[in-house]
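Novice: For the record, in the sequence shown the residue sitting at position 2 is 2 according to the UniProt record's numbering, with numbers rising by one throughout. Heads up, the beta-carbon is just placed ideally off N, CA and C, and yes, glycines get one too. None of these values were measured; they are calculated from a predicted model. Provided herewith is a single structure, encoded as structure tokens, for subsequent inquiry.
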Amino acid sequence: MELKEFKIAFAGLKQGKHEFSFELDNEFFESFGYDEFNSAAVIANVELDKRSTLMDLHLVGSGSINVNCDVTNEPFDMPVDATMDIVVKFGERFNDDNEDILILPHGEYELNVAQYLYEMVVLFIPLKKTHPGLEDGSLESDVLDKLEELKLSSPDESEEGIDIDPRWDALKKLKTDNN
């Protein structure tokens with residue numbers, strides 16, 4: 001999918017700053033094959049600063065995405081406040097190997113920012129998504145109840161004294177002998 005609505009025709013723009021706004025929803029992320037979000041409502045603003053030999057792009061995404069907690073699998077809205085800066089230069093051929101610099105071929109007249117908006121939001125999401133109610137204790141969940149039950153039913157390490165595998169002692173001795 002080409003996502004034509006995310007193309008910015010910069011050739012006809014005067015030098016200076018220009019602003020563009022885009023809505024990023026679930027359909028947008030699914031067009032990249034990304035289906036980790038239950039729903040998405042992100043407004044992306046792109047500020048293009050056109051100069052004589054290059055352009056600066058400042059991308060800002062704000063809104064929320066609905067994801068499942070990695071601990072409880074409970075859905076929750078995660079706020080999004082992501083930014084990305086890209087310098088656009090012109091050269092012999094297209095090159096996006098550097099994450100901060102994009103080289104477009106001479107004579108190019110438009111830029112599709114969809115890929116960069118996608119990366120900005122997806123890279124903002126933490127590896128572990130935790131429901132805010134889990135941290136403040138306000139989340140009621142069957143999964144949490146079961147985890148607490150399992151935690152309580154496991155033997156308390158401090159009371160019973162744990163038999164440590166003697167091989168660990170041998171490894172600890174090696175560690176202290178080298179110092």
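(1) On the CB-based measure, 16 or more other CB atoms within 10 Å of its CB, does His131 come out buried or exposed?
(2) Evaluate Ile65 with the Cβ neighbour count: other Cβ atoms within 10 Å of its Cβ, from every protein chain shown; 16 or more gives buried, anything less gives exposed.
(3) Considering only the alpha carbon of each residue, which of Pro75, Val121, Phe90 and Thr83 lies closest to Phe10?
(4) CB-CB under 6 Å to Glu157, same chain, minus the five flanking residues each way: which ones, in chain order?
(5) Cutting at 8 Å between CB atoms, please list the residues of its own chain near Met78, excluding the five before and the five after it.
(6) Label Ile101 either buried or exposed according to how many other C-beta atoms from any shown protein chain fall within 10 Å of its C-beta, with 16 as the threshold for buried.
(7) Going by DSSP, which residues form a beta bridge with Met78?
(8) Inspect the beta-carbon positions of Val42 and Val113 and report whether they are closer than 7 Å.
Specialist: Reading it off the structure:
(1) buried
(2) buried
(3) Phe90
(4) With a pLDDT of 49 at Glu157, under the threshold of 50, the modelled position of that residue is not reliable, and the figure given next carries that caveat. Within the same chain, Glu157 has no close Cβ partners at all.
(5) Ser64, Ile65, Asn66, Val67, Ile125 and Lys129
(6) exposed
(7) Ile65
(8) no
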